[in-house]
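For what it's worth, the numbering used here labels the leading residue of the sequence shown as 130, then goes sequentially.
We treat Cβ as the ideally placed atom computed from N, Cα and C, and that holds for glycine.
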Amino acid sequence: MKWNEKHKNLIVGAIGLLFVVLFVYTASSKLIDLELFHTRLERMPFISPYAQWISWIIPFMELVIAGLLLFKKYRHIGLYASLVLLAMFTAYIITVLQFSDHVPCSCGGVLSAMGWDDHILFNGFFMALALTAINLNIKQTKSANDIQNTT
Numbered sequence: 130m131k132w133n134e135k136h137k138n139l140i141v142g143a144i145g146l147l148f149v150v151l152f153v154y155t156a157s158s159k160l161i162d163l164e165l166f167h168t169r170l171e172r173m174p175f176i177s178p179y180a181q182w183i184s185w186i187i188p189f190m191e192l193v194i195a196g197l198l199l200f201k202k203y204r205h206i207g208l209y210a211s212l213v214l215l216a217m218f219t220a221y222i223i224t225v226l227q228f229s230d231h232v233p234c235s236c237g238g239v240l241s242a243m244g245w246d247d248h249i250l251f252n253g254f255f256m257a258l259a260l261t262a263i264n265l266n267i268k269q270t271k272s273a274n275d276i277q278n279t280t
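See the structure below:
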């Protein structure tokens, strides 16, 4: 294995691990105080009628994505799922900030101390990490396929 390929693998793995920590932390903080998370969702514009379902689905999805990221075989799917989940949340934040006067935070733990602009920057940073890992993973797969085809 080339030096470059080994480092790409390490970078993709490290980014995946960062997402595992992020999603396990956020899911745990929501599940530990599920009633508070549900109450906060009920106060959110546009989604309040679905708060009961969303309060279970989001932490479940975060844990499933974290599980996908733990296994190299499924990491690529987990990275795409991470990107989609963060993009959806970011789009929701931007939409609510544009069309609503009051936007309560439904996050838990340390993340609840961030303002909405900080949330958007934080999500943007993690989306950039996901895109980087996806791109490296694609290049790595293509390189491995090229090697197989020449032998």
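For asparagine 252 and isoleucine 194, the rounded distance between their alpha carbons: The straight-line gap from Cα to Cα measures roughly 16 Å.
List the endpoints of the continuous alpha helix (DSSP H) containing proline 188. Segment 180–199, the alpha helix (DSSP H) holding proline 188.
Would isoleucine 249 and isoleucine 223 be called neighbours here (beta carbons separated by less than 8 Å)? Contact: yes.
Proximity winner among Phe148, Ala242 and Leu139, relative to methionine 256 (alpha-carbon distances): By alpha-carbon distance to methionine 256, the top candidate from Phe148, Ala242 and Leu139 is Phe148.
Taking only the alpha-carbon atoms, compute the straight-line gap between serine 229 and methionine 173 and give it to the nearest angstrom. Looking at the two C-alpha atoms, the distance is approximately 9 Å.
Assuming serine 137 and lysine 268 are in contact, meaning their beta carbons sit under 8 Å apart, how far apart are those beta carbons, in whole angstroms? It is worth fixing the name first, because residue 137 is lysine in this sequence and not serine. Indeed they touch by this definition, with Cβ atoms about 7 Å apart.
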